[in-house]
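Worksheet: the structure to be examined is printed underneath.
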Amino acid sequence: MLHYIIFTDLDGTLLDSKTYSYEKSLTAINRLRGNGIPVIFCSAKTRAEQEIYRRGLGLFHPFVVENGGAIYIPQGYFPFPFDYHKTVHDLLAIELAIPYRKVREFLVKIGKENDFGFKGFTDMSAAEVAEITGLNLESARLAQQREYDEPVKFESSGEKDLSKFLAKLGEADLNWSHGGRLYHIMGGGGKGKAVEVLSGLYRKMWGEIRTVGLGNGLNDLPMLSQVDIPILVQKRDHSWEDMNLPRLRRIRGIGPEGWSKAIAEVFGS
444 MLHYIIFTDL
454 DGTLLDSKTY
464 SYEKSLTAIN
474 RLRGNGIPVI
484 FCSAKTRAEQ
494 EIYRRGLGLF
504 HPFVVENGGA
514 IYIPQGYFPF
524 PFDYHKTVHD
534 LLAIELAIPY
544 RKVREFLVKI
554 GKENDFGFKG
564 FTDMSAAEVA
574 EITGLNLESA
584 RLAQQREYDE
594 PVKFESSGEK
604 DLSKFLAKLG
614 EADLNWSHGG
624 RLYHIMGGGG
634 KGKAVEVLSG
644 LYRKMWGEIR
654 TVGLGNGLND
664 LPMLSQVDIP
674 ILVQKRDHSW
684 EDMNLPRLRR
694 IRGIGPEGWS
704 KAIAEVFGS
């Protein structure tokens, strides 16, 4: 029997990019939940942020935090043992990236040695994070509870400074993705690796699986590259991210509207 699995970005995909509402995705989400199809969050959001949406939507499946920093899996979800690194409440964590404190140590060192102007979420107040992201204060505080990656606002002027900053990250074995408003800095991990690991666990449990990935930006490319059916929804300006990926489906519809249309297309309206 063939089993489908949905991997999805959140901001600007399942959630509205300005209001962070999932209202326009809800009918499609309920349909998937009713048919027992797992919806796996694969997002830049923290564990604390994603827990709110997991509870709100009743989706108690594994989820991927901070651009693939770690995978969290409910205890007892898979009916076989697997390797994991730590337990957090009722969740088993497979860590794919170095800890947040290490990322901060590297960033501070790079900043001091090169006189770069940038601010991470740790350097900001909740009000500053809210202003940059459009989150409310409570949600901004949840976004500051980083475990693996550091969202950074680069403040130095000029492409030359930015290019040098990104090069220095590479020299320190840090990788980065650009997610709309911010650069996300981490050591290791990645959405693609997370999808690969989880797909392997589902395949062991169910045998034949078909994976669907939904995103809206370049930071979703690693995730979309790993799935059987990669889908791109429109950004707020009605454009699609420029992405060269075989089999990529471009769906008309901004964020959650496109998300719902994509689910209808894959599973029949």
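For the sequence shown, my numbering assigns the number 444 to the initial residue and increments by one for each residue that follows.
Quick reminder that beta carbons are idealized off the backbone N, C-alpha and C, glycines included.
Helix or strand or just coil, what does DSSP make of residue 455?
-> The three-state secondary structure of residue 455, taken from DSSP, is coil.
Kindly confirm or deny that the stretch 487-500 and the stretch 575-593 touch, where touching means at least three C-beta pairs closer than 8 Å.
-> Enough Cβ pairs lie closer than 8 Å, so yes.
Residue 500 to residue 465, Cα distance in whole Å?
-> Approximately 9 Å between the Cα atoms of the pair.
Contacts around residue 645, its chain only, beta-carbon distance under 6 Å, and the 5 residues preceding and following it disregarded | Within the same chain, residue 645 has close Cβ partners 448, 652.
Apply the 10 Å Cβ neighbour rule to residue 451 and answer buried if 16 or more other Cβ atoms are within range, or exposed otherwise.
-> It is buried - the Cβ of residue 451 has at least 16 other Cβ atoms within 10 Å.
What's the call for residue 509, buried or exposed, on a 16-neighbour Cβ count within 10 Å?
-> That one is buried.
Cα-Cα, which of 699, 667, 709 is closest to residue 689?
-> Of 699, 667, 709, the smallest CA-CA separation from residue 689 is found for 667.
Nearest to residue 621 by CA position, among 665, 637, 656, is which residue?
-> Of 665, 637, 656, the residue nearest in Cα terms is 665.
What span of residues does the alpha helix (DSSP H) with residue 645 cover, start to end?
-> In this chain, the alpha helix (DSSP H) harbouring residue 645 covers 634-649.
Would you check if the stretch 516-528 and the stretch 556-568 touch, i.e. whether three or more CB-CB distances between them fall below 8 Å?
-> With a cut-off of 8 Å, the stretch 516-528 and the stretch 556-568 do not count as touching, because too few Cβ pairs lie within range.
Straight-line CA distance for residue 696 to residue 681?
-> Each residue's alpha carbon lies about 7 Å from the other.
Output yes or no for whether 8 Å exceeds the beta carbon distance between residue 706 and residue 675.
-> Judged by beta-carbon spacing, residue 675 lies beyond the 8 Å limit of residue 706, meaning their Cβ atoms are not closer than that value.
Could you round the C-beta distance between residue 663 and residue 634 to whole angstroms and report it? I think they count as a contact, below 8 Å.
-> Right, their Cβ atoms sit about 7 Å apart.
Could you give the C-beta distance for residue 593 and residue 543, rounded to a whole number, given that I count them as a contact under 8 Å?
-> In this structure, residue 593 and residue 543 form a Cβ contact; the two beta carbons are roughly 7 Å apart against a cut-off of 8 Å.
Among 572, 606, 505, nearest to residue 521 - alpha-carbon criterion | With respect to the C-alpha of residue 521, the residue from 572, 606, 505 having the closest C-alpha is 505.
Scan the stretch 523-561 and note each continuous beta strand (DSSP E) run of 3 residues or more that stays entirely inside, going in chain order.
-> DSSP runs (the beta strand (DSSP E)) wholly in the stretch 523-561: 529-531, 534-538.
Measure the C-alpha to C-alpha separation of residue 454 and residue 579 and round it to an integer number of angstroms.
-> Each residue's alpha carbon lies about 14 Å from the other.
Could you have a look at residue 657 and say whether DSSP puts it in helix, strand or coil?
-> Note: residue 657 maps to strand in three-state DSSP.
Is the Cβ-Cβ distance between residue 540 and residue 512 less than 8 Å?
-> A contact, by the Cβ cut-off of 8 Å.
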